[in-house]
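Accompanying notes for the structure given below.
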Amino acid sequence: MTTPYNDSLSLADLEQRQDFIRRHIGPNEAQTQAMLQELGVESVDALVDEIVPSDIRLANLPAIEESKTEVQALADLRAVASLNQVNDSYIGLGYYGTLTPNVILRNVLENPGWYTAYTPYQPEIAQGRLEALLNFQQMCIDLTGLELASASLLDEGTAAAEAMALAKRVSKNKKSNLFFISSDVYPQTIDVVKQRAEMFGFDIVIAPADDVVEHDVFGALLQYPSATGEVRDIEHLIAKVHEKKGIVAVAADIMSLVLLKAPGELGADAVIGSSQRFGVPMGYGGPHAAFFTTSEKYKRSLPGRIIGVSKDTRDNPALRMAMQTREQHIRREKANSNICTAQVLLANMASFYAVYHGPKGLKVIAERIHRFADILAHAANFKGLTPLHGQFFDTVTFNLSSEKKAEIVARALAKGVNFRTDVENQISISVDETTNRAKLITLFDILFGEDHNLDIELLDAELRVLGSSSIPASLVRESDILTHPVFNSYHSETEMLRYIKKLENKDLALNHSMISLGSCTMKLNATAQMIPVSWPEFANMHPFAPVDQAQGYKQMIDELGEALIELTGYDNISMQPNSGAQGEYAGLIAIHKYHESRGDGHRNICLIPASAHGTNPASAMMVGMKVVVVDCDKEGNVDMDDLRSKASELADNLSCIMITYPSTHGVYETTIAEICNIIHQHGGQVYLDGANMNAQVGLTSPGYIGADVSHLNLHKTFAIPHGGGGPGMGPIGVKAHLAPFLPDHALVNVSESTQGNGAVSAAPYGSAGILCISYLYIALLGRKGVTDASKYAITNANYLAKKLSQHYPILYAGKNGRVAHECIVDLRPLKASSGITEVDIAKRLNDYGFHAPTMSFPVAGTFMIEPTESESKVELDRFIEAMVSIRDEVRKVESGEWPSDDNPLHNAPHTMADITAPWDRAYSIQEAVFPVPAAAANKFWPTVNRIDDVYGDRNLICSCPPLSVYQD
Ligand SMILES: *Cc1c(COP(=O)(O)O)cnc(C)c1O
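So, in structure tokens, the structure goes:
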């Protein structure tokens, strides 16, 4: 008799086979066996034993929970989320309720075509997000009234700090070391800027804006409208600072700028702020895109990336990241800033919000917000409660006795409403896009008691008859905004949907093929992990909401923190830094403060191996450290003799080493424990750059190795998607002795032991809204799964290295010929033999449907390839096939069969424009666009030909191209 139960699996077996681990890990059992055979080892464990040095190998699986199914993990997190009580927030201070258009929510924020892409370093396959970012820049330029915009910074606080750094670089008042901060700047911004000033060694004064005229400053920061909501003319103050050759940065509210005169028109040199309220949920503090605009003459000093217009080989306009030579990965300690991961996905959301609403729609939204504030103030005046300021945009502030304040706040809380309450005897109420009549009545009930008898219609009519002067006539915007066609074409949902899709189609993301960018860990960003990002319990929480309302967040953050502490071997963690580079900055501050606390404040030397990522020296510079480079030997390892001699020579002033493990050369240096010892012996601290945690989790850990502090790129190892260049999260783990020096926050008590330390981000837990992704990554994989992930990352990388080594030299390997979780393929010999460059090969991979690996980092003329555990053998083989086929193509150039300037590598990538034009090349159309069957079966068409970088930098255009381009 046959039964459906004849395969002898128990119920437990059946259940176990539903786990998520095998969904996350690409290779199945048969594929794994085939790869192991190729590698000549018995098992994955045997391979890992060969590779990870035994003296740093952990004996047991990490003490975190077992894996859960998707259904269970989501249900459990739902229960945690429900502990959040989401009040109507009127707290303001840079975070506002906003209505994310659903067409943007689903087709951008929740769409892997947008969220899994990488920073657009390969512009030919990134024209979609480059266009969205160019729109973002144009929007910022129009609203702020300046000429040049960056394509997003991490948050408003750090953007303000970057503005201070820009002021110092460009101010002609060279003898001044003083930076002025108006006391009506948001408190969390002041906190971040103060910390940065202390590290740079700038003096600061915080005083009412009018006092700026009394100081001889290199720069000043003003807020417009002010933290308490006042809209006032700052033109004369800016002029006064200019008289003394100082630079003025204005922190501005993006929505208010729709109605207000642009700060650029008032004379500001730089304008910064957050684009959050353009359709990006608050997320308990982030992620959101900050904006930064400045004048053309400071283009070389602008922090962050700029998208520029260039042209391709067919002379068609094409977008790219401009002036990359300003970036940290090239200029290292001389870079403008350490920013690497930014906030691309959120900048794109904000730009789509502007595209969808257009100038007229935005004006309606801004006017409606302002009208609600006007009616609120009018009602208050009528009721004898006079607002502090007569002129405002969306924020009405009241000074009150402490009894009255307590009474109102209690009534507000009882009705599920939060006001800004951190200033003594004062409340502020910021209305926003989500405010409506019913909510306004609730505000009346709270402020004036339920028998207030106020009628919104009547108040509105009165205002319109009497006229409102709540925005001073001199500050009413007269200039147009968003006149470009892109902001005036897509206002129906059908048009918008197609515009978003049109751009998405131009970009290669993980939903098309593997992106093997070394050091970036482009692994699966599982759908289940993404879903809670848009749950209202997480999405709509204000970062400064009373902590008793944010218990769900607290539990999630605490549990994630505990798991990360276990996985890193540290004692404590700070969730505040919102990128890896910010983590470096925070970690180096902790080291500096630790030394200072022991009377060793003079220790300022930071040793950095030559192979380090550019953010390391750039961060060291930001905390005033002096970078000393340590050599690497021929095998790519730290030169131990050089390290020993420099550590002992500089021992008196040695602050720390910054070291990446496994190294950026893709090997587990066996000397790592010794390196830690040497540094410690000479009084230094060890900063272990955690970008390569994907080769450590469950196998070893920075704490176990002997390091003192590390950042984790949650957007690499812990599955937060890269978003096309952000968001990210860079929490830092520390040993106990550094814990007292972790970041604090001006408005939220993040820990009893860190009070007064200053902040590195505007929000207490950075971009808290995406922590649920890493939380679920760990919950879904559990202790075995996270460890398997490391093991399979190593297995996949070694399989790839082995297969490719038959065609290309692999640059570095460990003693036994194995690599870690990534490998470097040397392309320099090909250049010598054929003239074909690494750039040609990178672009040629596009024709095969692949994103290029990391190019020329850490070694010029090479690819660094990191497949991650999430790629199956099928996909690895497809990539290998492409690389082997490319090697054969190079051979035809070497042999002279194809001329050096007429071959598919030199002309890559190929577009539809190429194959529809008259074809007179030395190779066929078939060879150009369908070089292997797999490329034809799932063809990716780059939408532009090779882009001219030099032309774009010489003719910098970073706003949307003028109408004439559309008219030809
Ligand atoms: C990615 C990376 C960083 C920087 O991290 P961001 O999150 O991009 O700021 C630092 N070091 C290494 C080795 C990296 O790969």
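End of the sequence shown = 990 in the working numbering, gap-free, step of one.
Idealized CB from N, CA, C, for every residue including glycine.
Listed in chain order, the alpha helix (DSSP H) runs fully inside the region 57–95 are 66–73, counting runs of at least 4 residues.
Around the C-beta of Pro230, fewer than 16 other C-beta atoms lie within 10 Å, and the residue is accordingly described as exposed. Comparing alpha-carbon positions, the option among Ser373, Asn925 and His744 lying closest to Tyr512 turns out to be Ser373.
Taking the C-beta atoms as reference points, Ala632 is found no nearer than 9 Å to Val650.
Ile126 has its alpha-carbon roughly 15 Å from the corresponding atom of Gly150.
Partner residues in a beta bridge of Arg943, as assigned by DSSP, do not exist.
Two segments are said to touch when three or more pairs of C-beta atoms, one from each, lie closer than 8 Å; by this definition the region 280–293 does not touch the region 232–239. For Pro247, the closest of Phe415, Leu155, Ala173 and Ser855 by C-alpha to C-alpha distance is Phe415.
Each residue's CA atom was taken as its position, placing Gly750 and Ala548 some 16 Å apart.
Membership of Gln707 in any alpha helix (DSSP H) is not indicated; the residue belongs instead to the beta strand (DSSP E) covering Gln707 to Asp711. Approximately 6 Å separates the beta-carbon atoms of Val841 and Val689; this is inside 8 Å, confirming the contact.
Membership of Asp225 in the beta strand (DSSP E) is indicated by the continuous run Asp225 to Ala229. Three or more Cβ pairs closer than 8 Å define a contact, and the region 803–810 falls short of that threshold against the region 310–324. Residue state for Phe414 is assigned as strand, using DSSP reduced to three classes. Counting the other Cβ atoms within 10 Å of the Cβ of Ile147 gives 16 or more, which makes it buried. Rounded to the nearest angstrom, the gap between the Cα atoms of Ala567 and Tyr830 is 56 Å. Three or more beta-carbon pairs drawn from the region 163–180 and the region 306–321 are found closer than 8 Å, and the two stretches are therefore classed as touching. Those residues having their beta-carbon less than 6 Å away from any non-hydrogen atom of ligand 1 are, in chain order, Cys362, Thr363, Ser541, Ser601, Gly602, Ala603, His635, Thr637, Thr682, Thr686, Asp711, Ala713, Asn735, Gly750 and Gly752. Looking at Asn967, Leu798 and Cys628, the one whose alpha-carbon comes closest to that of Lys90 is Leu798.
DSSP places Phe374 in the uninterrupted alpha helix (DSSP H) bounded by Val366 to Phe404. In this structure, Leu170 keeps its C-beta atom at 9 Å or more from the C-beta atom of Glu287. Using a C-beta cut-off of 8 Å, the region 59–67 makes no contact with the region 693–712, since fewer than three inter-stretch Cβ pairs fall below that distance.
A distance below 6 Å between beta-carbons, with the five flanking residues on each side excluded, links Lys615 to the following residues of its chain, in chain order: Phe763. Pairing Val302 with Thr122, the inter-Cα distance amounts to about 6 Å. When beta bridges are read from the DSSP output, His258 appears opposite no residue. An exposed status is given to Asp910, since fewer than 16 other beta-carbon atoms sit within 10 Å of its beta-carbon.
Assignment of Pro409 by DSSP, reduced to helix, strand and coil, places it in the coil class. For Met552, the enclosing alpha helix (DSSP H) covers residues Thr549 to Met552. Inclusion of Asp255 and Ser496 in the CB contact set at 9 Å is warranted, their separation being smaller than that value. Looking at the DSSP output, Leu170 bridges to Thr316.
Taking each of Glu446, Gly438 and Gly412 in turn and checking the Cα distance to Lys427, the smallest one comes out for Glu446. In the displayed model, Ala357 falls within coil according to three-state DSSP, outside both helix and strand. The criterion of a C-beta distance shorter than 9 Å is not satisfied by Leu532 and Ala781.
In the three-state scheme derived from DSSP, where H, G and I count as helix and E and B as strand, Asp334 is classed as strand. Pairing Ile468 with Pro724, the inter-Cα distance amounts to about 52 Å. Using a 10 angstroms sphere on the CB of Val972, the tally of other CB atoms stays under 16, which defines it as exposed.
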